[in-house]
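Asks:
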Amino acid sequence: MLLAAENLHKTYRLGRVNVPVLRGASIGVEAGEWVGVLGSSGSGKSTLLHLLGGLDRPDATRTRPAGVVRYQGRSLAEMSPRDLDRHRALAVGFVFQFYHLLPELNVLENVLSPAMVARGRLGYLRSRGELRRQAEGLLTELGLAHRLRHRSAELSGGERQRVAIARALINRPRLLLADEPTGNLDQMTGDGVLESIARLRAERGLTVVMVTHDARVAARADRVVSIRDGRVEAAGPGSESAA
Ligand SMILES: Nc1ncnc2c1ncn2[C@@H]1O[C@H](COP(=O)(O)OP(=O)(O)O)[C@@H](O)[C@H]1O
Ligand SMILES: [Mg+2]
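Under the numbering used here, the residue at position 225 of the sequence shown is numbered 639, and the numbers go up by one with no gaps.
(1) Can you check DSSP and say which residues form a bridge with P434?
(2) Quick one: grab the DSSP three-state call for A656.
(3) Ligand 2 heavy atoms versus the CB of K424: any closer than 7 Å?
(4) Closer than 7 Å: is that where the CB of S460 sits relative to any heavy atom of ligand 2?
(5) Rounded to whole angstroms, what's the CA-CA distance from D497 to N598? Just pull it up for me.
(6) Can you tell which of D473, A582, G453, P587 has the C-alpha that lies nearest to the C-alpha of N432?
(7) F510: buried (16+ other C-beta within 10 angstroms of its C-beta) or exposed?
(8) Is it buried or exposed for Y426, if we count other Cβ within 10 angstroms and need 16 for buried?
(9) Give the list of continuous alpha helix (DSSP H) stretches no shorter than 4 residues that lie fully inside the segment 516–590.
(10) Around the C-beta of R561, are 16 or more other C-beta atoms found within 10 angstroms, so that it is buried, or is it exposed?
(11) With DSSP as the reference, please indicate the residues paired to G443 in a beta bridge.
(12) Does the Cβ-Cβ distance between A592 and V525 come in under 8 Å?
(13) According to DSSP, simplified to helix, strand and coil, what is P479?
(14) Does the Cβ of P517 have 16 or more other Cβ atoms within 10 Å, making it buried, or fewer, making it exposed?
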């Protein structure tokens, strides 16, 4: 098991009101597997993905956390802040519904930015040539060779998401976490993005966890689970009907 989450609890506090979102969510993901997590809007999909990637933590009492996320058997909660930073930067790639590209950087610079963060300025400068070649290779593979110097404002939604995928993969993570990666795209463009994910996954042996509210999109995965009432369950009948 590459990634295993057990009994995750997460409650947001809005003023005095508690909003319980995850209530004992568990999920296990084998290395190389593509898992689709299907859930309605507000069901806690993004919350779950943030916990799986170590961007946020589960609830905790004074003595122990409410749930554990393990990557290669190692609990994220037990990593030092420095190790957790490295984990997020090197082991995990994130793709978001609204791309989150930096508007002041061009396509190539956006893709290279996680490499710079992970290596520090000096380390980055030392291997800049090789990293640029890798970034250009990824972007070419994603059909964006002619867009390297463009800013994100000049790109279509599908192009922006493919830039975001290249950025997620520049540090060669084993795990790709995708949060409604086609949620802002028309069906045909979205299918192209899913196709890109499928191809890169096969080439790189990536493990993918993709959350979506769309059963048709989820069905692109090897296995679909549902998030309901704060828990993850095997997907009900009909969820693979559009495959
Ligand atoms: N930072 C936050 N503070 C308060 N409530 C939040 C926060 N993030 C999410 N929520 C609430 O938690 C619930 C689940 O959110 P989310 O995980 O984003 O759901 P999904 O991605 O499935 O739409 C929603 O009701 C949302 O409004
Ligand atoms: Mg969401």
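Even for Gly, the Cβ is constructed at its ideal location relative to N, Cα and C. These numbers come from a predicted model, not from an experiment.
Replies: This is what the structure gives:
(1) As a first step, residue 434 is located in the sequence shown; it is residue number 20 there, counting from the start. P434 is bridged to T425.
(2) For this step, residue 656 is matched to residue 242 along the sequence shown. Note on A656: pLDDT 44, under 50, position unreliable in the model; the coordinate value appears next. Correct three-state label for A656: coil.
(3) Position 10 of the sequence shown, counted from the start, is the residue given in the question as residue 424. False, no ligand heavy atom lies under 7 Å from that Cβ.
(4) Within the sequence shown, the letter at position 46 stands for residue 460. Set against 7 Å, the gap from the CB of S460 to the closest heavy atom of ligand 2 is smaller.
(5) One-based indexing of the sequence shown puts residue 497 at position 83. One-based indexing of the sequence shown puts residue 598 at position 184. One C-alpha to the other measures close to 33 Å.
(6) Mapped onto the sequence shown, residue 432 falls at position 18. Checked all of D473, A582, G453, P587; the closest Cα to N432 is D473.
(7) Your numbering for residue 510 matches position 96 in the sequence shown. With 16 or more other Cβ atoms within 10 Å, it is buried.
(8) As a position in the sequence shown, residue 426 is number 12, starting the count at 1. The Cβ neighbour count for Y426, taken over all protein chains shown within 10 Å, is under 16; the residue is labelled exposed.
(9) Runs of alpha helix (DSSP H) with 4 or more residues, each lying fully within the segment 516–590, are found at 521–540, 542–555, 571–583, listed in chain order.
(10) Taking the first residue of the sequence shown as position 1, residue 561 is located at position 147. Taking all protein chains in view, the Cβ of R561 is crowded by 16 or more other Cβ atoms within 10 Å, so the residue is classified as buried.
(11) Within the sequence shown, residue 443 is the residue found at index 29, counting from 1. Rather than Gly, the amino acid found at residue 443 in this sequence is Val. DSSP output for V443 lists L417 as bridge partner(s).
(12) Residue mapping note: residue 592 aligns to position 178 of the sequence shown, counting from 1. Residue mapping note: residue 525 aligns to position 111 of the sequence shown, counting from 1. Result no, Cβ atoms of A592 and V525 do not sit closer than 8 Å.
(13) Numbered from 1 along the sequence shown, position 65 holds the residue referred to as residue 479. Correct three-state label for P479: strand.
(14) By 1-based counting over the sequence shown, the position of residue 517 is 103. Classified as exposed, P517 has fewer than 16 neighbouring CB atoms from the shown chains inside 10 Å of its CB.
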